Amino acid sequence: MRFARRPGPGHSDITDRGSMPMAMLVTTVVMSLGAVMVPVLVRQADNTTTVSVRSSAIEASQTGMDAAVGQIRAAAGDFKKLPPCELDGGTDDRYHVSIKYYAPVAGVTADLGCPPTGIPATARLTVTGTGSSAPGGDNTRTLEATYTFKTTNENINGGNIRLDQPTSPYLCMDSGGTRRPAAGTPVKVEECERKLDGDGKLVYTITSDQRFAYTPDLNIKLVKSESSTAPDGMCLDAPMPRNANNAVTFQPCLGRVARQQWSLDNSSNFRSTSDGVNLDSYCLTLKDADAGKAGSAIVIGGCGGGSNQRVWRPQAAVGAGMASSATGQLINYKQFSRCLDVTNHDVNMSYMIVWFCKQAPNGDVSWNQRWTLPPLAIAQATPVAERIRTTGTSSPGVCLRSPRSTASNKYVTVTSCPDKPALPGEDPNLAADLRWKMYGDTGVYATSYTVVDVDGRCLTPTDLTVSSPDTHPDGTAKTRVATCDGSLLQKWNAPANLTNPDPLTNTIEK
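For what it's worth, our numbering labels the leading residue of the sequence shown as 68, then goes sequentially.
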């Protein structure tokens, strides 16, 4: 017989009986809990991996969206340079982009195909991104968004105003090395800024001290010259009353004030006004002894010839002054300082040109740039075919004639108008080559602000940016008709549009 051991002094009366069953019970419970927790922990690990994969997939999708939007913006309004309809980011960026281009056609939103056959109004972007690690399962995320094309007509970036010197170096209006000259600083001519292009050829550039804008107030303003003391910038100014050899200086712009108004006339002189209504006999010029010399100051002087003294050639981006449909002028959007012009006032010329827009404080410009225009159509289906006819007391009354051909040697001309009042209203007996349709804002950017002949071709100046442009001897563009393509060369009297909406809308995750 085995006896239980009694506790000795100082020990409790507890034995180790039942400890083994208890240990086994605890072990069993712990093992059971472990069996339950392992799947939970595995699921948590899987969920963490899934979240990580999905997060990286979203990032890849967003990268693809940003890349596609960047390429669309880089096209800078030229629909022929828009990105292809399928884009891949490769193994590093892990995205695929599908793009569909749309535009309203006959009141219905139409798919323009790929590449787009015209200027789109919107693009639908679908971007699928793939997660960085994907051992099976759903490892992709898709974003969709609508890109709305911004069709801004803000168009006065400024440019140089140079003397019409027949030989290099050319001389340009200059502010003395700063875009914020002090009040009273003389306006001078300096060599037009030049630099070497990628082919080692000297090209003319525009710097801040030679960047001018010709405003609707007939001010010649130094671009970005605004300051606390000149909130509207700095403009060319000469004192009143006018006197020969008065210095022309920079002063804070005053708007429609006679002392700062300069009107480009038939001789391409900037002519003065003494009353803000009528032109006077003073023009911006160099002194006789300074003609053709860099560093010479501009003064008030005589008007007329003198290509290296007072005949000025503003770049297209300088602006059109106060020329507009209100003055009966047709301003080209791409060549924004240029207006449709009867060449040399000669109705027998074999081509019309797009010449420097003429100005007058009262809007009464020379007849060879003043036109009676067809009524503006605001829908493609409702134009009125009419003549485009010169107006003014000196006008012989000639009508614009389409060559009805896009051949490179065929140009728009003028001819005597039929005996018919120059009032709006379609004349079914009007000769086909004299019938023009003029569009305003049609709601479709590609067709807005175009002038279209009877064959559906658009009035178009020759392109001055090509390597060998087809021009009049003074460097201005000749005028043709061309297949309508929505380009800026084919837009006339387009207004400024300062709105700048966010182009990306309706973004969703699928």
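Backbone N, C-alpha and C fix where the C-beta goes; we use that ideal spot for every residue, glycine too.
Keep in mind the model is a prediction, meaning the values are calculated, not measured.
Which two residues bound the contiguous beta strand (DSSP E) that contains residue i?
i, result
"residue 274", "Here residue 274 belongs to no beta strand (DSSP E), and DSSP marks it neither H nor E."
"residue 207", "207-215"
"residue 193", "189-197"
"residue 528", "524-528"
"residue 434", "Where residue 434 is concerned, there is no enclosing beta strand (DSSP E), given that its DSSP letter is neither H nor E."
"residue 506", "503-506"
"residue 455", "Counting along the chain, residue 455 falls outside any beta strand (DSSP E), and DSSP gives it neither H nor E."
"residue 318", "316-319"
"residue 365", "365-368"
"residue 381", "379-381"
"residue 397", "Neither: residue 397 is in no beta strand (DSSP E) and is coded neither H nor E."
"residue 302", "301-304"
"residue 407", "405-408"
"residue 385", "Note, residue 385: premise wrong, no beta strand (DSSP E); not H, not E."
"residue 519", "518-520"
Between residue i and the rest of its own chain, which residues show a CB-CB distance below 6 Å, the 5 nearest in sequence each way excluded?
i, result
"residue 148", "142"
"residue 323", "284"
"residue 258", "236, 361"
"residue 502", "452, 521"
"residue 226", "273, 382, 384, 385"
"residue 558", "400, 516"
"residue 54", "For the chain, the structure presents residues 68 to 577; residue 54 sits outside this window and is missing."
"residue 365", "254, 315, 351"
Mind checking which residues open and close the alpha helix (DSSP H) that includes residue i?
i, result
"residue 158", "157-160"
Can you tell me whether residue i is buried or exposed, with buried defined as 16 or more other CB within 10 angstroms of its CB?
i, result
"residue 510", "exposed"
"residue 124", "buried"
"residue 448", "exposed"
"residue 228", "buried"
"residue 282", "buried"
"residue 137", "exposed"
"residue 310", "exposed"
"residue 166", "buried"
"residue 455", "buried"
"residue 295", "exposed"
"residue 304", "buried"
"residue 241", "buried"
"residue 286", "buried"
"residue 543", "buried"
I want to check one thing, is the minimum distance from the CB of residue i to the heavy atoms of the ligand SAM below 7 Å?
i, result
"residue 557", "Because no ligand of any kind appears in the structure shown, any question about the ligand SAM cannot be addressed here."
Between the options, which has its C-alpha nearest residue i's C-alpha?
i, options, result
"residue 210", "496, 260, 285, 130", "130"
"residue 419", "545, 445, 471, 344", "545"
"residue 275", "288, 282, 284, 477", "288"
"residue 354", "213, 207, 377", "377"
"residue 357", "393, 318, 312", "312"
"residue 158", "300, 127, 166", "127"
"residue 496", "246, 484, 198", "484"
"residue 471", "427, 524, 207", "524"
"residue 549", "528, 534, 445", "528"
"residue 505", "539, 444, 476, 475", "444"
"residue 556", "164, 526, 279", "526"
"residue 394", "536, 442, 458, 328", "458"
Excluding the five sequence neighbours on either side, which residues of its own chain have a C-beta within less than 7 Å of the C-beta of residue i, listed in chain order?
i, result
"residue 433", "333, 425"
"residue 481", "409, 414, 419, 465, 466, 467, 468"
"residue 499", "521"
"residue 139", "149, 150, 190, 214"
"residue 243", "252, 255, 276"
"residue 197", "124, 127, 161, 206, 207"
Name the one or two DSSP bridge partners that residue i has.
i, result
"residue 154", "164"
"residue 176", "171"
"residue 279", "226, 289"
"residue 428", "DSSP, once it has assigned bridges, lists no residue as partnering residue 428."
"residue 480", "468"
"residue 346", "340"
"residue 329", "Paired residue(s): none; residue 329 is not in a bridge."
"residue 545", "420"
"residue 239", "229, 257"
"residue 245", "Looking at the DSSP assignment, residue 245 forms no beta bridge with any residue, so it has no partner."
"residue 439", "456"
"residue 444", "506"
"residue 550", "524"
"residue 351", "367"
"residue 538", "544"
Which same chain residues end up closer than 8 Å to residue i when comparing Cβ atoms and leaving out the 5 residues on each side of it in sequence?
i, result
"residue 169", "176, 177, 178, 179, 187, 188, 189, 190, 191"
"residue 578", "This structure cannot speak to residue 578, because the chain is shown only from 68 to 577."
"residue 406", "387, 390, 396, 397, 398, 399, 421, 422, 423, 424, 425, 436"
"residue 104", "With a pLDDT of 48 at residue 104, under the threshold of 50, the predicted position of this residue should be treated as unreliable, though the coordinate-derived value follows. Around residue 104: no qualifying Cβ."
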